[in-house]
Amino acid sequence: MKGKLLIVAGMAFTGIFTNSLYAQDYQPLVIQNGFNADVIANGVGPSASSTNSDVDGVDYAFISRDFQLTAGSTALTYGLPVNGTINSAVNSTPGLTYQLGSYSTNNSLRLQNTSDSGTLQFSNPLSASTVYMLATGGSGSCTVDATVNFTDNTSQTFTGLAISDWYNGDNYAILGIGRINKNNDNLESGFGTNPRMYQIPLAIDTGNQSKTISSVTVTKTGSGGIPNIFGFSANAYNPCSSPTDIMANTTMTGATLSWTAPASGAPAAGYQYYYSTSPTAPTATTIPTGTVTSGTSVNLGNSLTIGQTYYFWVRSNCGGSSQSFWRMKQFVPGQISVTYTSGDISTLFDDSGVTTASATSCAGSVSISVPAGYKIQTTSVSYAMTAAGGGWMSEQRSLLVCTNNGNTEASVSLGSDNSSGTYSYNRTGLTLANDLTGTVNFELRAWRTYGGTGCSTSFNKVDDGTFTVTVTLQPNVLATSEVKAEKAARIAYPNPFADTLYLEKSENIRKAVVTDLSGAMVQTVDNPASALSLGGLKSGMYILTLTMKDGSVKSMKTIKK
Numbered sequence: 060m061k062g063k064l065l066i067v068a069g070m071a072f073t074g075i076f077t078n079s080l081y082a083q084d085y086q087p088l089v090i091q092n093g094f095n096a097d098v099i100a101n102g103v104g105p106s107a108s109s110t111n112s113d114v115d116g117v118d119y120a121f122i123s124r125d126f127q128l129t130a131g132s133t134a135l136t137y138g139l140p141v142n143g144t145i146n147s148a149v150n151s152t153p154g155l156t157y158q159l160g161s162y163s164t165n166n167s168l169r170l171q172n173t174s175d176s177g178t179l180q181f182s183n184p185l186s187a188s189t190v191y192m193l194a195t196g197g198s199g200s201c202t203v204d205a206t207v208n209f210t211d212n213t214s215q216t217f218t219g220l221a222i223s224d225w226y227n228g229d230n231y232a233i234l235g236i237g238r239i240n241k242n243n244d245n246l247e248s249g250f251g252t253n254p255r256m257y258q259i260p261l262a263i264d265t266g267n268q269s270k271t272i273s274s275v276t277v278t279k280t281g282s283g284g285i286p287n288i289f290g291f292s293a294n295a296y297n298p299c300s301s302p303t304d305i306m307a308n309t310t311m312t313g314a315t316l317s318w319t320a321p322a323s324g325a326p327a328a329g330y331q332y333y334y335s336t337s338p339t340a341p342t343a344t345t346i347p348t349g350t351v352t353s354g355t356s357v358n359l360g361n362s363l364t365i366g367q368t369y370y371f372w373v374r375s376n377c378g379g380s381s382q383s384f385w386r387m388k389q390f391v392p393g394q395i396s397v398t399y400t401s402g403d404i405s406t407l408f409d410d411s412g413v414t415t416a417s418a419t420s421c422a423g424s425v426s427i428s429v430p431a432g433y434k435i436q437t438t439s440v441s442y443a444m445t446a447a448g449g450g451w452m453s454e455q456r457s458l459l460v461c462t463n464n465g466n467t468e469a470s471v472s473l474g475s476d477n478s479s480g481t482y483s484y485n486r487t488g489l490t491l492a493n494d495l496t497g498t499v500n501f502e503l504r505a506w507r508t509y510g511g512t513g514c515s516t517s518f519n520k521v522d523d524g525t526f527t528v529t530v531t532l533q534p535n536v537l538a539t540s541e542v543k544a545e546k547a548a549r550i551a552y553p554n555p556f557a558d559t560l561y562l563e564k565s566e567n568i569r570k571a572v573v574t575d576l577s578g579a580m581v582q583t584v585d586n587p588a589s590a591l592s593l594g595g596l597k598s599g600m601y602i603l604t605l606t607m608k609d610g611s612v613k614s615m616k617t618i619k620k
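If you want this note's numbering, it's the position in the sequence shown, counting the first as 1, plus 59.
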């Protein structure tokens with residue numbers, strides 16, 4: 060029989076009450092040096108070629124989502140985020156993030172033996188009321204002492220900090236990231252719930268909160284598993300308040316970013332912003348890309364790359380040398396999202412063992428219309444499931460299906476924790492709808508293994524307004540019929556082209572205009588020569604329109620490689 064977990068509910072209420080009293084300004088502490096082991100396999104090739112140690116002492120390592128044993132291996136649907144940014148899943152610290160070290164060099168402070176010690180130095184020292192340590196225990200739970208070092212050569216020590224084993228522990232910042240055996244490269248998905256990294260809070264004494272933190276020294280104490288320390292974040296203080304709620308509105312090749320002014324009001328000198336294709340965060344001395352002196356938005360233009368991940372940061376400029384912390388939003392041009400808003404989605408009772416072939420009569424469905432000239436490159440899905448009425452989050456089962464082709468995800472997603480509450484799901488890089496065009500339909504199937512019969516929202520449900528499917532697009536290749544038609548009435552060649560298009564009978568052409576598929580003009584040439592130089596264009600599909608000297612107009616689709 061299930062028991063009521065009143066202590067868990069009490070802790071959750073306390074977290075909500077605390078957050079209502081104190082504003083949070085979470086900042087990742089970027090580690091400059093101090094890691095001593097590379098325990099995250101990434102890139103293409105055997106895991107041993109991209110790691111120099113393991114997490115647990117018995118040859119198991121973490122993996123990045125971009126890991127492939129060979130170039131032809133199926134893309135992973137689990138693993139650590141490629142950009143190394145972890146959004147903490149701990150409910151009491153919404154918005155807290157960690158930045159992992161590079162996967163191509165040492166990325167863990169690994170303390171195998173009792174009394175082993177190491178210091179992680181930060182490149183962005185700051186003052187804080189609480190420091191949060193991201194860690195896991197390999198081959199068992201373990202304990203450490205942590206000493207927070209300040210720039211005035213004082214310190215504060217925390218003793219006997221418990222770190223759970225990387226399987227099945229509580230207070231995790233991330234879970235379901237999988238692992239790999241370095242001896243034979245066997246992959247383990249962890250069934251969406253394991254392994255895990257945990258968040259350990261270090262409350263800074265009031266007298267130390269105005270001091271600048273420069274580093275943290277961690278020492279293994281006692282026996283047990285192997286501590287692996289991956290990162291730190293902090294609840295920081297800054298008299299110049301940061302903007303919040305950054306939103307990205309993207310087009311095929313552009314984006315407009317908007318945000319909300321601080322609760323204290325608009326900053327005196329507006330905002331500064333910075334964007335890049337690199338996840339490396341700007342520092343206090345980074346030269347901004349631009350400024351916004353009025354309003355709370357900026358248009359980045361229409362020259363971004365379809366399918367490229369961009370990172371946008373914005374900060375308040377309170378005048379002089381007073382700026383807030385940077386706030387980041389990740390976005391991808393050429394993405395389309397749709398959210399299910401027709402009510403809570405029921406779960407179907409099934410305790411016989413749900414598989415990817417299982418059906419349900421109460422699925423939630425959404426459709427995405429892919430613009431002409433594009434096809435789906437990858438798919439992402441996110442949603443939240445709530446357990447109540449005696450149901451547990453660990454009894455949740457769910458699966459995304461593309462009903463156009465019947466493809467499903469590689470595995471059913473499982474919930475975690477034997478308690479009621481809300482469990483968030485977020486999966487990226489899915490291939491079930493790749494290359495589809497036109498109207499593409501998706502279905503979220505959800506089950507529960509406890510509570511009544513049939514479809515119901517009483518014990519477990521998918522929360523209304525949380526089921527979102529996002530597709531990343533890429534230019535479509537020309538259909539065979541289009542290629543044949545263009546060969547019959549060719550006006551330019553080759554197609555696709557690298558840098559130069561050669562025009563047929565250029566002496567008869569008055570103007571050549573190149574537009575992208577949104578209709579935006581990207582190049583115009585009057586009285587062009589036979590060679591039209593287009594090396595400055597990004598890869599993708601374009602429309603070439605020729606106005607002839609006799610007044611006629613000819614056009615063709617063409618692809619820049």
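Every residue gets a Cβ at the ideal spot worked out from N, C-alpha and C, and that includes glycine.
Where E502 is concerned, the enclosing beta strand (DSSP E) starts and stops at 498 to 507. DSSP places S478 outside any beta strand (DSSP E), giving it a letter other than H or E.
Straight across, the Cα-Cα distance linking S200 with S269 is about 33 Å. DSSP places Q158 in the uninterrupted beta strand (DSSP E) bounded by 156 to 158. Taking the CA atoms as reference points, N142 sits about 40 Å from Y561.
For Q455, the uninterrupted beta strand (DSSP E) run begins and ends at 455 to 461, by DSSP. Of all C-beta pairs linking the region 399 to 406 to the region 317 to 335, fewer than three are shorter than 8 Å, placing the two stretches out of contact. In this structure, the CA atom of S106 is about 22 Å from the CA atom of A469.
Secondary structure of G290 (DSSP, three-state): strand. For T144, same chain residues with a beta-carbon under 7 Å away, outside a window of 5 residues either side, are T156, Q158, P338 in chain order.
Short of 6 Å from the beta carbon of T178, and not among the five residues preceding or following it, lie these beta carbons of its own chain, in chain order: G93, S274, T276.
Leaving aside the five residues that flank L495 on each side, the residues in its chain whose CB is nearer than 8 Å to its CB run, in chain order, V429, K434, I435, C461, N463, N464. Residues T202 of the same chain have their beta carbon placed closer than 6 Å to that of A221, with the five preceding and five following residues left out of the count. Note that the region 288 to 303 touches the region 170 to 190; at least 3 beta-carbon pairs, one per stretch, sit closer than 8 Å.
Assigned with DSSP and collapsed to three states, T216 falls in strand.
Shown here for G281: same chain residues with a beta carbon closer than 8 Å to its own, the five before and five after excluded, namely T173, C201, T202 in chain order. Rounded to the nearest whole angstrom, the CA to CA distance from G610 to S353 is 47 Å. Excluding the 5 residues flanking it on each side, V149 has same chain C-beta neighbours closer than 8 Å at L155, N230, Y231, A232, Q258, in chain order.
Nearest to N166 by alpha-carbon distance, out of G249, D204, V89, is V89. D409 and V528 have their C-alpha atoms roughly 25 Å apart. Excluding its 5 nearest sequence neighbours in each direction, T606 has C-beta neighbours in its own chain below 7 Å: R569, K570, V612, listed in chain order.
As computed with DSSP, P534 is found in a beta bridge with Y433. For the pair F126 and A194, the CB atoms are not nearer than the 9 Å cut-off. One alpha carbon belongs to D211, the other to G349, and they sit about 35 Å apart. Rounded to the nearest whole angstrom, the CA to CA distance from S589 to V573 is 15 Å. Between T559 and S598, the CB-CB gap reaches or exceeds 9 Å.
The alpha-carbon of I550 is positioned some 8 Å away from that of M615. Residue burial annotation: K241 is buried, with at least 16 other C-beta atoms found within 10 angstroms of its C-beta. With a cutoff of 9 Å on beta-carbon distance, S411 and S301 are scored as not near each other. In the structure shown, E247 adopts extended strand secondary structure according to DSSP, grouped into three states.
If the five residues before and after L128 are omitted, its C-beta is found closer than 6 Å to the C-beta atoms of D244, all from its own chain and listed in chain order. Secondary structure at G423: strand, using DSSP grouped into helix, strand and coil. Given a length threshold of 4 residues, the region 148 to 236 has no whole run of the alpha helix (DSSP H) inside it. The distance from the Cβ of G235 to that of N253 is about 7 Å, consistent with a contact at the 8 Å cut-off. In this structure, the straight-line span from the alpha carbon of G450 to that of S517 is close to 8 Å.
DSSP, read as helix, strand or coil, puts S611 in coil.
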